[in-house]
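In terms of the numbering used here, the sequence shown opens at residue -6 and continues consecutively. Glycine residues also receive a C-beta, built at the ideal position from the N, C-alpha and C atoms. In what follows, a structure is listed as structure tokens, so that the remarks can point back to it.
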Amino acid sequence: MKKNYIFLILGLSSTLLSKYMQFFTSSKIGDYIVLFSGVFFVCAIVFSIEKFNHFYEPNRKNAVVLIIQTSLVVLLFQIMMILVINKYLIGVVLLLPILGLIYFIYPKWVNIFK
């Protein structure tokens, strides 16, 4: 089974579990499980890109670091949005590390797509 399908199944199942816990049990744990769903979906999308798979095979260490950095951007964005939606404007401060990570990640992705 391809890696992107595994991450897609993990993302869908954690999303379903999160929504079940949010709506039927009124548990706050569902809010935190959805964070993992975003990371799984990022990994599914990244591994479905053919050029990334060609980059991944010879450079596994660099590719894993790039996946972690990309997932961290999505994770920080999700946390920021949860905080802002719940009226905690301190979440806007997370824009600084998000933009900083994007600044460092963008050239790496451009090199992969060349």
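By the DSSP assignment, the alpha helix (DSSP H) with residue 18 in it spans what residues?
As a first step, residue 18 is located in the sequence shown; it is residue number 25 there, counting from the start. Premise fails: residue 18 is in no alpha helix (DSSP H) and is neither H nor E.
Please classify residue 93 as buried or exposed, where buried requires at least 16 neighbouring CB atoms within 10 angstroms.
To locate residue 93, count along the sequence shown from 1; it is residue 100. When all chains shown are included, residue 93 counts as exposed.
In angstroms with no decimal places, state the Cα-to-Cα distance between residue 38 and residue 19.
What you label residue 38 is simply residue 45 of the sequence shown in a count that begins at 1. What you label residue 19 is simply residue 26 of the sequence shown in a count that begins at 1. Each residue's alpha carbon lies about 30 Å from the other.
Around the Cβ of residue 40, are there at least 16 other Cβ atoms within 10 angstroms (buried) or fewer (exposed)?
Indexing the sequence shown from 1 puts residue 40 at position 47. Result: buried.
Locate the alpha helix (DSSP H) running through residue 54, then write down its first and last residues.
Position 61 of the sequence shown, counting from 1, holds the residue named residue 54. Note, residue 54: alpha helix (DSSP H), 53 to 78.
Alpha helix (DSSP H) segment containing residue 88, residue limits
Position 95 of the sequence shown, counted from the start, is the residue given in the question as residue 88. 88 to 105 is the span of the alpha helix (DSSP H), which, as asked, contains residue 88.
Opening and closing residue of the alpha helix (DSSP H) in which residue 44 lies
Position 51 of the sequence shown, counting from 1, holds the residue named residue 44. Where residue 44 is concerned, the enclosing alpha helix (DSSP H) stretches over 43 to 49.
Classify residue 88 as buried or exposed, calling it buried when 16 or more other Cβ atoms lie within 10 Å of its own Cβ.
Mapped onto the sequence shown, residue 88 falls at position 95. Exposed, since its Cβ has fewer than 16 Cβ neighbours within 10 Å.
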